[in-house]
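These notes are about the structure you will find just below.
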Amino acid sequence: MSADVTGPVRKSGPGVYKVARFKGAKSPSTAGTWGGWTLVAVYENKKEPLHRIAMWDGFQPLEADRRTFTVRLNGLHIPANSHGRAGVVAYDGYRGRGNDGLTVRAGRHRPLKVHDSANPANDVMNSTITDFGQEAARRPAYPDTLGFDSDVFDITPALRSGADRLTFRFTTRNPGYLLGALFVQADTRH
Numbered sequence: 002m003s004a005d006v007t008g009p010v011r012k013s014g015p016g017v018y019k020v021a022r023f024k025g026a027k028s029p030s031t032a033g034t035w036g037g038w039t040l041v042a043v044y045e046n047k048k049e050p051l052h053r054i055a056m057w058d059g060f061q062p063l064e065a066d067r068r069t070f071t072v073r074l075n076g077l078h079i080p081a082n083s084h085g086r087a088g089v090v091a092y093d094g095y096r097g098r099g100n101d102g103l104t105v106r107a108g109r110h111r112p113l114k115v116h117d118s119a120n121p122a123n124d125v126m127n128s129t130i131t132d133f134g135q136e137a138a139r140r141p142a143y144p145d146t147l148g149f150d151s152d153v154f155d156i157t158p159a160l161r162s163g164a165d166r167l168t169f170r171f172t173t174r175n176p177g178y179l180l181g182a183l184f185v186q187a188d189t190r191h
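Here my numbering runs 1 ahead of the position in the sequence shown, where the first position is 1.
Below is the structure:
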């Protein structure tokens with residue numbers, strides 16, 4: 002489930018946000034009901050460089066009968082040597098199982114593994130909330146998020162040659178996870 006919260010956030014301004022009394026969504030998978038939230042904020046500041054923003058907002062189980070899922074983001078027009086980041090929201094990720102992977106492919110170039118110090122290449126969906134491998138500031142800051150992932154990764158190496166299209170490939174072995182959202186921010190000019 003997604004909601005446009007532009008009005009309340011614009012009215013309240015920067016700060017700490019909390020969510021309460023929301024209903025978990027019944028999953029089409031065997032996992033049952035899940036809940037968690039991430040606020041993806043897109044804003045304009047004329048003092049900052051212009052960025053290209055893209056988002057996939059869905060709910061895709063990856064489990065025994067579907068071990069891969071691909072998200073293609075087209076029409077991006079990202080110039081060569083751009084900086085970029087990708088954020089992933091997922092549910093039911095298991096820490097330490099070594100079963101999950103994520104790659105990004107810019108245009109027709111070879112795919113690159115997406116990972117960092119907190120999210121190993123073979124255990125990306127691992128119950129963490131991180132920004133570029135560092136634990137994100139939050140309250141409460143439990144070390145285990147009970148299956149909830151909200152991670153931001155540096156995808157700059159994939160953008161060396163620029164791209165009109167980015168292809169993200171999510172993979173798993175048992176027991177799998179539930180993909181909730183993907184967002185990308187990349188330079189539009191230097």
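We put the beta carbon where it would ideally sit given N, CA and C, even for glycine.
Computed from a prediction, not measured in an experiment: that's the story for all the values here.
Only residues of its own chain outside the window of five on either side were considered, and among them V41, M56, G88 have a CB closer than 6 Å to the CB of F184, listed in chain order.
Using a 10 angstroms sphere on the CB of N120, the tally of other CB atoms reaches 16 or more, which defines it as buried. Contact check for I54 against Q186 passes: the beta carbons are separated by less than 9 Å. Per DSSP, G8 is one residue of the alpha helix (DSSP H) stretching across 7-13. Collapsing the DSSP output to three states places L77 in coil. With 16 or more neighbouring CB atoms inside 10 Å of its own CB, V72 falls in the buried class. Under the three-state reduction of DSSP output, A159 falls in the helix class.
In the DSSP annotation of this structure, the continuous segment of the beta strand (DSSP E) that includes R106 starts and ends at 101-107. One Cα belongs to D152, the other to H110, and the distance between them is close to 24 Å.
Assignment of T172 by DSSP, reduced to helix, strand and coil, places it in the strand class.
Your pair R96 and S128 checks out as a contact, with CB atoms roughly 5 Å apart and the cut at 8 Å. Annotation: D150 to F171 spans about 14 Å, alpha carbon to alpha carbon.
For G94, the closest C-alpha among the options D66, D132, V125, N82 is that of V125. Excluding sequence positions up to five before and after A91, its CB lies within less than 7 Å of the CB of M126, D150, Y178, L179, L180, G181, all in the same chain and listed in chain order.
DSSP places G88 inside the beta strand (DSSP E), whose first and last residues are 85-92. In the structure shown, A182 falls within a strand segment according to DSSP collapsed to helix, strand and coil.
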